[in-house]
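First residue of the sequence shown: 2, per the numbering used here; consecutive thereafter. Quick reminder that beta carbons are idealized off the backbone N, C-alpha and C, glycines included. Take a look at the structure below.
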Amino acid sequence: MKKYSFSVLLFALCMLVTATGAATTIVAPGYPHGEILPPGSTGVFPVSVGDLTDVQGVHFNLTFDSTLLSVESISASNAIPGSSVTTNIDNETGWVQVAVTNTEGINVGDWPLTPLVDITFRSTGIERESALRFSGTPTYSQSEDFVPEEFYYVYNGSIAVRNPSTFWAPSGKLASGQSGTFAVGVDNLTGATKIGFELMYDGSYLIIDDIVSVYPGAVITDAEAINGIFSEHGPYELREFGLESVPEEMRQHPEQTHHHHNWAWVTVEIPDGLTVTEYTEIIGVTFRSTNLAGTSEITSYGNWYVGEDWHSFDLQIPGRMVTNGGGVYPNLGDFKAPSGTVDAGSQRVLPITVKSLKNAKEAYIYTEWNQTIINVTSVSLNATAQAAGVTLNDWDLYRYEAFGYLYAYIGNMSNLNTASWTPLLDLTVKANATSGRTPMNISGNLYMFPRENVEIMYRPALLENGQISITAPNKADLRAVLLDPPQYVKKYADGSLHFDQTMIIENIGSKAVTEDFKVEARFGSTSEAFTITGGIAPGANITYYMTMNVVPGYGKTEVSVTQE
Numbered sequence: 002m003k004k005y006s007f008s009v010l011l012f013a014l015c016m017l018v019t020a021t022g023a024a025t026t027i028v029a030p031g032y033p034h035g036e037i038l039p040p041g042s043t044g045v046f047p048v049s050v051g052d053l054t055d056v057q058g059v060h061f062n063l064t065f066d067s068t069l070l071s072v073e074s075i076s077a078s079n080a081i082p083g084s085s086v087t088t089n090i091d092n093e094t095g096w097v098q099v100a101v102t103n104t105e106g107i108n109v110g111d112w113p114l115t116p117l118v119d120i121t122f123r124s125t126g127i128e129r130e131s132a133l134r135f136s137g138t139p140t141y142s143q144s145e146d147f148v149p150e151e152f153y154y155v156y157n158g159s160i161a162v163r164n165p166s167t168f169w170a171p172s173g174k175l176a177s178g179q180s181g182t183f184a185v186g187v188d189n190l191t192g193a194t195k196i197g198f199e200l201m202y203d204g205s206y207l208i209i210d211d212i213v214s215v216y217p218g219a220v221i222t223d224a225e226a227i228n229g230i231f232s233e234h235g236p237y238e239l240r241e242f243g244l245e246s247v248p249e250e251m252r253q254h255p256e257q258t259h260h261h262h263n264w265a266w267v268t269v270e271i272p273d274g275l276t277v278t279e280y281t282e283i284i285g286v287t288f289r290s291t292n293l294a295g296t297s298e299i300t301s302y303g304n305w306y307v308g309e310d311w312h313s314f315d316l317q318i319p320g321r322m323v324t325n326g327g328g329v330y331p332n333l334g335d336f337k338a339p340s341g342t343v344d345a346g347s348q349r350v351l352p353i354t355v356k357s358l359k360n361a362k363e364a365y366i367y368t369e370w371n372q373t374i375i376n377v378t379s380v381s382l383n384a385t386a387q388a389a390g391v392t393l394n395d396w397d398l399y400r401y402e403a404f405g406y407l408y409a410y411i412g413n414m415s416n417l418n419t420a421s422w423t424p425l426l427d428l429t430v431k432a433n434a435t436s437g438r439t440p441m442n443i444s445g446n447l448y449m450f451p452r453e454n455v456e457i458m459y460r461p462a463l464l465e466n467g468q469i470s471i472t473a474p475n476k477a478d479l480r481a482v483l484l485d486p487p488q489y490v491k492k493y494a495d496g497s498l499h500f501d502q503t504m505i506i507e508n509i510g511s512k513a514v515t516e517d518f519k520v521e522a523r524f525g526s527t528s529e530a531f532t533i534t535g536g537i538a539p540g541a542n543i544t545y546y547m548t549m550n551v552v553p554g555y556g557k558t559e560v561s562v563t564q565e
C-alpha cells in the first residue's frame with residue numbers, strides 16, 4: 002500500500018509548475034506559539050499558506066515524533082475550494098507526504114495566512130512536546146510548465162501533548178441593586194509560584210468594589226480596579242463636567258464603548274507552589290450593579306510563573322456578568338477648582354477644595370488653565386490638610402502651547418474631615434495679563450483600599466470647574482505732609498544749605514500698601530529719590546525725619562532719612 006501511494010504522489014508532483022511570488026509562505030501546525038493536545042485525544046491542525054496566485058499544486062513532507070503523535074487523516078481545507086489531496090502517512094517513523102492539486106488555482110493573500118490542509122493528530126499518553134518540521138523544502142507550482150518553485154518563507158511548528166493550563170474569568174448574575182463575589186479559577190498548573198492576570202469589563206454595567214484571595218496560602222501582592230465610564234478617548238472624557246453636571250438622560254444612559262476600557266489587574270503569589278489538575282478558585286472579585294441593566298463580557302489575559310520561568314495560559318476562558326441594574330454610578334467625592342480674582346501684576350493663593358471623600362485614601366487631581374492669562378507658580382498642602390496628616394506625594398506643573406497644567410498625587414487622606422467643602426491644596430496664582438479671565442478646569446480620580454495591596458479607583462461625583470479673572474488693582478491713596486516746614490534756611494559761606502525736615506505719609510484710602518515705593522525730595526532744581534519700606538494700612542501713617550544737604554557744584558540734593 003505504501004509503495005502504491007508513493008507512485009500516486011510522484012504523479013501528482015508532476016503537475017507542479019513555476020510561480021513568481023517573492024514572499025510565498027508555508028507554516029506547519031503550531032507556528033509560532035505551539036499547539037496543545039491533551040493525552041489520548043485528537044485534534045485538527047492546519048498547514049497554512051500565504052501570497053499564492055494561480056497556484057495549481059503544493060507539495061511538502063512533514064515530520065513529527067511518533068512516540069507522542071500519530072496522523073489519522075489529512076484533508077483539504079474548506080478555506081480553499083477546489084483542492085484535491087493525495088497523502089502518504091507513515092506513523093511508524095513519524096512522516097507524512099502531501100500533494101495538493103487545484104485546477105481552479107489557489108489564490109490567497111500574504112496575511113492572514115490561509116489553511117491549505119487539515120491534519121488530524123492523535124496523541125499518545127506520553128506528555129512531551131513534538132516538533133513539526135518540514136523535511137526538505139516545500140514547493141508550489143503554477144501555469145503549464147510543471148516546474149516546482151520553493152516557498153520563500155518556511156516555518157516549522159510544534160504540538161505539546163499535555164492538558165492545557167487554563168484561566169477562567171468570573172461569570173454570574175447580579176440581582177437589582179445587589180453585589181456579589183465571583184471566582185477567578187485556574188486548571189492544570191504545576192508548581193506555579195505566581196499568577197498575574199487582567200480582567201476587562203464594561204463599567205457602564207459593573208463596579209468592582211473588592212478583590213480577595215480565596216486559595217489558602219495565596220497572597221495578593223498587587224491589585225487594582227478602574228471603575229467608571231470610559232471611551233475611546235481614555236478615562237477622562239467626562240473630565241470637563243462631572244456626572245452631576247450633565248443631563249439626567251445622560252446619567253441614566255451614558256454612552257459606553259467596548260468593554261475593554263475598564264479593567265482590573267491582579268498579581269497573586271503562592272510561596273509553596275500551586276499544582277492542580279482540575280478547576281481551582283484562586284481569587285474572588287466583588288462586583289456591584291450600576292444603574293443600568295445589561296450584560297458585560299469579561300475577557301482576560303493571564304500568565305503564571307514557576308520561579309522566574311514565565312508561562313502564558315494555554316486557554317483563556319472568558320466570563321459573562323448579567324446585571325439587572327438598580328444600583329448607582331460608581332462615583333465618590335467632589336472636587337472644586339479655585340475661583341477668584343487676581344490683581345494685575347500680583348499673585349494670590351487660591352485653594353482646591355474637596356467634599357464627601359468618605360474613606361478615600363489617595364487622589365490624583367489635574368487642573369488646566371489658559372497660560373496667557375495666569376500661571377500657577379507653586380503648589381502646597383493647605384494647613385487644614387497638613388494638620389490631618391495628608392501628604393503631597395508628587396506634583397508637577399507643566400505647559401503645552403497656550404495651556405498650563407497641574408498634576409498632583411495626594412495620599413493619607415483618611416483622617417481629613419470632608420463633611421463640607423475643605424481646602425486641600427493651595428495654588429499660588431500669578432497674573433500673566435493685565436485683564437481677562439480663564440476657566441480653571443479640574444478632573445481626577447479617588448482611590449480606596451479595602452484590604453492590603455488592593456486599590457480600587459472611583460470617579461468623582463462632582464467636578465466643579467472654577468474661573469479666575471484678572472482685575473486692575475485699586476491703588477492706595479497716599480498723602481505726604483511736611484510737619485512745620487521751615488520759614489527760612491541759613492545759607493553757609495560756601496553757598497550750601499543744611500536743614501532738617503519732618504514728613505508724615507498718610508494712607509487715606511481703603512487699600513493697604515504692601516510693597517515698597519519711592520519718594521522724590523526736590524529743592525530748587527536739584528532732587529533725590531529714596532525708597533519707603535514697610536506697609537501702611539488704611540487710615541495709618543508713618544513719620545520720616547530727613548536731613549537735607551544742598552551743596553553748590555555737587556550736582557544733586559542729598560537726603561538722609563530716619564524712620565520714627
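The alpha helix (DSSP H) with Ala-384 in it runs from where to where? Per DSSP, the unbroken alpha helix (DSSP H) holding Ala-384 starts and ends at 384 to 388.
task: State the Cα-Cα distance for the pair Tyr-545 and Val-482, rounded to the nearest angstrom.
output: Straight-line Cα distance between these residues: approximately 10 Å.
Can you find at least 3 beta carbon pairs, one from the region 365 to 378 and one from the region 392 to 412, that sit closer than 8 Å?
-> Contact holds: three or more Cβ-Cβ distances are below 8 Å.
- Task: Report the option in Thr-296, Val-323, Pro-539 whose CA atom is closest to the CA atom of Arg-480.
- Result: Selected option, being the one with the closest Cα: Pro-539.
Lys-4: buried (16+ other C-beta within 10 angstroms of its C-beta) or exposed?
Caution is warranted here: a pLDDT of 33 is assigned to Lys-4, below 50, making its placement in the model unreliable, and no coordinate value can be reported.
What ranges does the beta strand (DSSP E) occupy inside the region 88 to 164, keeping only unbroken runs of at least 3 residues that lie completely in it? With a minimum length of 3 residues, the continuous beta strand (DSSP E) runs that stay inside the region 88 to 164 are 96 to 109, 115 to 124, 130 to 135, 140 to 143, 154 to 156, 158 to 162.
message: On a Cα-Cα basis, can you pick out the residue from Ala-193, Asn-189, Ala-513, Ile-212 that is closest to Leu-200?
response: Ranking Ala-193, Asn-189, Ala-513, Ile-212 by CA distance to the CA of Leu-200 puts Ile-212 first.
By DSSP's criteria, Phe-450 is part of a beta bridge. Which residues make up the other side? The partner list for Phe-450 (beta bridge, DSSP) is empty, contrary to what the question assumes.
Query - N- and C-terminal bounds of the beta strand (DSSP E) containing Met-322 - result: For Met-322, the enclosing beta strand (DSSP E) covers residues 320 to 324.
Does the beta-carbon of His-60 have 16 or more other beta-carbons within 10 angstroms, so that it is buried, or is it exposed?
Buried is the call here.
Beta-carbon proximity list for Pro-236, same chain, < 6 Å, skipping 5 on both sides: Note that Pro-236 has pLDDT 39, beneath the 50 cutoff, so the model's placement of it is unreliable and the number below is only indicative. None.
Neighbour-count burial assignment, Val-343, 16 or more Cβ in a 10 Å radius = It counts as buried.
Original post:
Using a Cβ-Cβ cut-off of 8 Å (strictly less than) and excluding sequence neighbours within five positions of Pro-319, which residues of its own chain qualify?
Top reply: Spatial neighbours of Pro-319 in its own chain (CB-CB distance under 8 Å, excluding positions within 5 residues in sequence) are listed in chain order as Ala-170, Glu-298, Ile-299, Thr-300, Ser-301.
CB Leu-63 to CB Glu-130, shorter than 9 Å? In this structure, Glu-130 does not lie closer than 9 Å to Leu-63 by Cβ.
List the residues that DSSP assigns as beta-bridge partners of Gly-35.
-> Beta-bridge analysis with DSSP links Gly-35 to no other residue.
Q. Buried or exposed: where does Gln-387 fall if 16 or more other Cβ atoms within 10 Å of its Cβ makes it buried?
A. Around the beta-carbon of Gln-387, fewer than 16 other beta-carbon atoms lie within 10 Å, marking it exposed.
So who's on the other strand from Met-504, going by DSSP bridges? Answer is Leu-483, Tyr-545.
Per DSSP, Gln-348 forms a beta bridge with which residues?
DSSP, once it has assigned bridges, lists Lys-431 as partnering Gln-348.
Taking the alpha-carbon positions, what's the Pro-33 to Ala-132 distance? The straight-line gap from Cα to Cα measures roughly 12 Å.
List the whole-angstrom C-beta distance separating Leu-417 from Ala-364, where the pair is believed to meet the contact cut-off of C-beta under 8 Å. Going by Cβ atoms, the distance from Leu-417 to Ala-364 rounds to 10 Å, so no, they are not a contact pair.
Problem - Nearest-angstrom beta carbon gap, Leu-463 and Asp-310 [assumed within contact, 8 Å] - result: Incorrect: roughly 49 Å between the Cβ atoms, too far for contact.
So is Pro-569 buried or exposed if we call it buried at 16+ other beta carbons inside 10 Å? Look at the range of the chain in this structure, 2 to 565, and you will see that residue 569 is not part of it.
Check your understanding: Taking the alpha carbon of Val-48 as the point to measure from, which residue in Phe-122, Ile-208, Gly-390, Gly-106 has its own alpha carbon closest?
Key -> Among Phe-122, Ile-208, Gly-390, Gly-106, the Cα nearest to that of Val-48 is on Phe-122.
Requested in this report: Could you tell me whether the Cβ atoms of Ile-208 and Ser-214 are closer together than 9 Å?
Outcome: Result no, Cβ atoms of Ile-208 and Ser-214 do not sit closer than 9 Å.
Quick one: which unbroken beta strand (DSSP E) runs of 3-plus residues sit fully inside the region 39 to 92? Chain order, please. At a cut-off of 3 residues, the continuous stretches assigned as beta strand (DSSP E) that sit fully inside the region 39 to 92 are 43 to 51, 53 to 64, 70 to 77, 85 to 91.
* Asked: So who's on the other strand from Phe-168, going by DSSP bridges?
  -> Paired residue(s): Val-187, Gln-317.
Whole-Å CB distance - Met-441 paired with Ile-227, under 8 Å assumed
That belief does not hold up - the Cβ atoms of Met-441 and Ile-227 are roughly 26 Å apart, past 8 Å.
**Report entry** Start-end ranges of the beta strand (DSSP E) lying completely within the region 352 to 380, minimum 3 residues
**Finding:** Listed in chain order, they are 363 to 371.
Span of the beta strand (DSSP E), counted from its first residue to its last, around Thr-278: Taken as a continuous stretch (DSSP letters only), Thr-278 belongs to no beta strand (DSSP E), as it is neither H nor E.
**OP:** Out of Leu-382, Ile-196, Gly-192, point me to the one whose CA is closest to Val-185's CA.
**Re:** Measuring C-alpha to C-alpha distances from Val-185 to each of Leu-382, Ile-196, Gly-192 identifies Ile-196 as the nearest.
Review point. Tell me, which residues are paired with Trp-266 by DSSP?
Key: In DSSP, Trp-266 forms a bridge with Glu-199, Glu-225.
Residue of Asn-103, Ala-522, Glu-73, Glu-105 minimising C-alpha distance to Gly-95 | Nearest C-alpha to Gly-95: Glu-73.
Discussion item. Based on DSSP bridge pairs, tell me the residues matched to Ile-212.
Written reply: DSSP lists Val-286 as the bridge partner or partners of Ile-212.
Q) Going by the beta-carbon positions, is the gap between Ile-120 and Val-56 smaller than 9 Å? A) No, they are not a contact pair.
- Limits of the beta strand (DSSP E) - the one that Arg-400 falls within: It spans 392 to 401 - the beta strand (DSSP E) in which Arg-400 sits, taken as one unbroken run.
- Message: Short of 6 Å in beta carbon distance, which residues of its chain neighbour Gly-303, apart from the five on each side in sequence? Order them along the chain.
- Response: Residues Phe-168, Phe-198, Phe-314 of the same chain have their beta carbon placed closer than 6 Å to that of Gly-303, with the five preceding and five following residues left out of the count.
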